[in-house]
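Enquirer:
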Amino acid sequence: MSEAKMVFIGGAGNMAGAVIGGLVASGYPAERIVATGRNEQKLADFAAKTGVRTSTDNDAAVAEADVLVLSVKPQMMKELCQSIAARVVERQPLVISLAAGIPLAAYRRWLGAGVPIVRAMPNTPALVGTGVTGLYAGEGVTGDQKQVAQKIAEAVGIAIWVEEESGIDRVIAVSGSGPAYYFQFMESMIDAAEKAGMARADAERLTLQTALGAAKLAVASDVDVGQLKRNVMSPNGTTERAIQCFQSGGLPELVERAMGDCAERAAEMAKELDN
Ligand SMILES: NC(=O)C1=CN([C@@H]2O[C@H](COP(=O)(O)OP(=O)(O)OC[C@H]3O[C@@H](n4cnc5c(N)ncnc54)[C@H](O)[C@@H]3O)[C@@H](O)[C@H]2O)C=CC1
Ligand SMILES: O=C(O)[C@@H]1CCC=N1
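Below, the structure is given as structure tokens:
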């Protein structure tokens, strides 16, 4: 894998930028990575930060790609694919798409039927080596190519394969979009602490360290998160009162609904494609 030339289209964006940052931090040679984009200043800043090569010329970048990662917004994917299709067919790189809501069938229409494609659903904590990536391989992807995709994902966190393409939408609802759920919760805690009279900087420090501690403890523990929660709750104590408030306010149902809406939006995006 260390030999593969990786080209990320949309490479300085939020998601690909996080994966590249994580890859470089994990020791992947920066000179084997090319990030393409449209904004020269953004690319220059990204190159200075990561050491990777950058380019505004997608076609030239694809011409040297062993692995081609597509990471533009879903609404821009069709136009992008059509603009590079001839070069992709000629070069035959392993294509990895990070986009939500675009099925493999669409890439086959836009890029040609014979191109090996893996759908990957990463998340932004890839930047700090703590990412989660769901992977789905389309027809014609070899075992070796699956290994390559998995190694990239594992260089920036953990990876799981899903057996059906619809499994990717479930991954989006849990881990692809999931970091934003936790950021929302942290933001609400910081705002509430500030309203209650704590200095915002202190509220941020305490909230973030608490989130980090809780996540680290959950990962390190051999008991489930329900038990860890109960360990904090003294009978008739302070935590119990707060958890009762979350439960009577419908937080568990709200989380279920939000995740359902998230997965539904991914399926809806696929239907919105105009071929
Ligand atoms: N942001 C996230 O947490 C996650 C995003 N994704 C997927 O990743 C993809 C990218 O999302 P973000 O990084 O959030 O968006 P973004 O807008 O931050 O990045 C996209 C980048 O692509 C560039 N771009 C647009 N058209 C281009 C073209 N024709 N050629 C080269 N570069 C071009 C833009 O300038 C931008 O820098 C989306 O398809 C999204 O569904 C997947 C998982 C998580
Ligand atoms: O919000 C989105 O559509 C993308 C996909 C998963 C996370 N961000």
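Counting in my numbering, the sequence shown tops out at residue 1183, every number present. No residue lacks a Cβ here, since even glycine has one placed at the ideal position from N, Cα and C. Quick caveat, the model's predicted, so the values are computed rather than measured.
Give the secondary structure of residue 917 by DSSP, where H, G and I count as helix, E and B as strand, and everything else as coil.
Expert: strand
Enquirer: State the start and end residues of the unbroken beta strand (DSSP E) segment that holds residue 1041.
Expert: 1039 to 1045
Enquirer: In chain order, what residues of the same chain have a beta carbon less than 6 Å from the beta carbon of residue 914, not counting five sequence neighbours either side?
Expert: 941, 975
Enquirer: Excluding five sequence neighbours on each side, which residues of the same chain lie with their C-beta closer than 8 Å to the C-beta of residue 1001?
Expert: 915, 970, 973, 974, 975, 976
Enquirer: Given this structure, state the Cα-to-Cα distance separating residue 1101 from residue 1113, to the nearest angstrom.
Expert: 11 Å
Enquirer: Would you say the beta carbon of residue 979 is closer than 7 Å to some non-hydrogen atom of ligand 1?
Expert: yes
Enquirer: What residues does ligand 2 have around it, judged by CB closer than 6 Å to any heavy atom, in chain order?
Expert: 1008, 1080, 1084, 1085
Enquirer: Do you know how far the Cα of residue 1043 is from the Cα of residue 1075?
Expert: 9 Å
Enquirer: Quick one, are the C-beta atoms of residue 1187 and residue 1011 less than 8 Å apart?
Expert: Since the first residue shown for the chain is 909 and the last is 1183, residue 1187 is missing from the structure and cannot be characterised.
Enquirer: From the DSSP output, which residues share a beta bridge with residue 942?
Expert: 915, 961
Enquirer: Would you say the beta carbon of residue 1179 is closer than 7 Å to some non-hydrogen atom of ligand 1?
Expert: Not under cutoff, so the answer is no.
Enquirer: Would you mind giving the Cβ-Cβ distance between residue 945 and residue 958, rounded to the nearest angstrom? I have them listed as a contact below 8 Å.
Expert: Under the criterion of beta carbons closer than 8 Å, residue 945 and residue 958 do not qualify as touching, at roughly 13 Å.
Enquirer: In angstroms, rounded to a whole number, what distance separates the CA positions of residue 1162 and residue 1177?
Expert: Spanning the two alpha carbons is a distance of roughly 22 Å.
Enquirer: At a threshold of 7 Å, does residue 946 count as lining ligand 1 (C-beta to nearest heavy atom)?
Expert: yes
Enquirer: Okay, do the region 946 to 955 and the region 1029 to 1039 touch, 3+ Cβ pairs below 8 Å being the bar?
Expert: These segments do not touch.
Enquirer: Hey, could you find the ends of the alpha helix (DSSP H) residue 933 is sitting in?
Expert: Residue range 922 to 933 is occupied by the alpha helix (DSSP H) that includes residue 933.
Enquirer: Pull up the distance between the alpha-carbon of residue 1014 and that of residue 1021, whole angstroms please.
Expert: Taking the straight line joining both Cα atoms gives about 10 Å.
Enquirer: Which complete alpha helix (DSSP H) runs does the region 1039 to 1095 hold, if anything under 4 residues is left out?
Expert: 1051 to 1063, 1075 to 1079
Enquirer: With a CB to CB cut of under 6 Å and the five nearest residues on each side skipped, what residues in its chain are close to residue 1062?
Expert: Non-local C-beta neighbours of residue 1062 in its own chain, meaning closer than 6 Å and more than five positions away in sequence, are absent.
Enquirer: Find out if the Cβ-Cβ distance for the pair residue 1084, residue 1034 is shorter than 8 Å.
Expert: No. Outside cutoff.
Enquirer: DSSP three-state call for residue 1167: helix, strand or coil?
Expert: helix
Enquirer: Please tell me whether residue 1046 and residue 979 are closer than 8 Å, where the distance is taken between their beta carbons.
Expert: no
Enquirer: Is residue 1094 near ligand 1, in the sense that its beta carbon is under 7 Å from a heavy atom of that ligand?
Expert: No; taking the cut-off as 7 Å, the Cβ of residue 1094 has no heavy atom of ligand 1 nearer than that.
Enquirer: Beta-carbon within less than 7 Å of residue 1170's beta-carbon, same chain only, minus the 5 sequence neighbours each way: which residues are those?
Expert: 1080, 1081, 1085
Enquirer: Quick one: does the C-beta of residue 1006 sit closer than 7 Å to a heavy atom of ligand 1?
Expert: Of the heavy atoms belonging to ligand 1, at least one sits nearer than 7 Å to the Cβ of residue 1006.
Enquirer: Using 8 Å for Cβ pairs, my map puts residue 899 next to residue 1077. What's the rounded Cβ distance?
Expert: This structure leaves residue 899 out entirely; the chain is present only between 909 and 1183.
Enquirer: Write down the C-beta distance between residue 1037 and residue 1064 rounded to the nearest angstrom, noting that I regard them as a contact closer than 8 Å.
Expert: 6 Å
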